[in-house]
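These protein sequence lines map, in sequence, to chains A and B. So the first sequence is residues 225 to 337, counted in our numbering. So the second sequence is residues 20 to 136, counted in our numbering. Even for Gly, the Cβ is constructed at its ideal location relative to N, Cα and C. Here the structure is a predicted model, which is why all the values come from computation and not from measurement. First the structure, in the form of structure tokens, and then the observations on it.
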Amino acid sequence: GDSVTQMEGPVTLSEEAFLTINCTYTATGYPSLFWYVQYPGEGLQLLLKATKADDKGSNKGFEATYRKETTSFHLEKGSVQVSDSAVYFCALRVIQGAQKLVFGQGTRLTINP
Amino acid sequence: GAVVSQHPSRVICKSGTSVKIECRSLDFQATTMFWYRQFPKQSLMLMATSNEGSKATYEQGVEKDKFLINHASLTLSTLTVTSAHPEDSSFYICSARDGARADTEAFFGQGTRLTVV
């Protein structure tokens, strides 16, 4: 079945460092891909998405490009801030049926000042 | 943007009692709603998918008699944890999709932390 694998955390960086969180997927066809962010004690917020190959999603300085050839959707940010500390989830949307989301295991990011 | 409201945000109940969690879409018609469970420091596990006016579809291993889902209207779905036990303590999150819009993402509620004592 469809699945998402993302790099294990936790990841700890200093403010203004470059961030990469790897995400790869296995799916039938070409699903839409998402990055969600979860702050402590809260639900998930959509960070960015891409719906087809070579699309680049971007938001709040974060970017991810849908790479069909490597089945990847890595999240990047050039200069992280303390406020970026959260858990990040990569997800794909199953094409068939109810179009449910399949999540990766989540990566906890901590940014130190 | 679309808003999904989940209530309550926290609930503590005694073992053996039942707890109801509500999930409302505030500005769109949620033809499909999803219920997830999240254990500490883990990912979201899909429990069930519900479509308005029909029975929920449960994922393998989820007890449908334990976790009752009702999606009676296009803006409200409820999850009832029946005869709760300490092992049911978890973070429960709902999400909703606007079925009238093609290729739209699901929006998430704020989550409910259930503690069974």
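Going by DSSP, GLN323 of chain A is part of no beta strand (DSSP E) at all; its letter is neither H nor E. Going by beta carbons, THR101 of chain B and SER37 of chain B fall inside the 8 Å limit. Counting only Cβ-Cβ distances below 7 Å, LEU45 of chain B has no contacts in chain A at all, with the closest Cβ about 14 Å away.
At a cut-off of 8 Å between C-beta atoms, LEU268 of chain A counts as an interface residue with respect to chain B. Non-local beta-carbon contacts of GLU240 of chain A in its own chain, meaning distances under 6 Å to residues more than five positions away in sequence, involve SER303 in chain order. Closer than 9 Å at the C-beta level to chain A, one finds these residues of the segment 106 to 127 of chain B: PHE110, ILE112, CYS113, SER114, ARG116, ASP122, GLU124, ALA125, PHE126 and PHE127. Under DSSP, the beta-bridge partners assigned to ASP117 of chain B are B:ALA49.
Taking C-alpha positions only, GLU124 of chain B is separated from SER34 of chain B by approximately 36 Å.
HIS26 of chain B is bridged by DSSP to B:GLU41.
Here the alpha carbon of ASN283 of chain A sits roughly 36 Å from the alpha carbon of THR99 of chain B. The shortest CA-to-CA distance from TYR254 of chain A to any of A:VAL261, A:THR334, A:THR331 and A:ALA274 is the one to A:ALA274. With a cut-off of 8 Å on Cβ pairs, the segment 102 to 114 of chain B is not in contact with the segment 72 to 83 of chain B, counting fewer than three such pairs. For SER102 of chain B, the three-state secondary structure derived from DSSP is coil.
For VAL311 of chain A, the secondary structure class from DSSP, reduced to helix, strand or coil, is strand.
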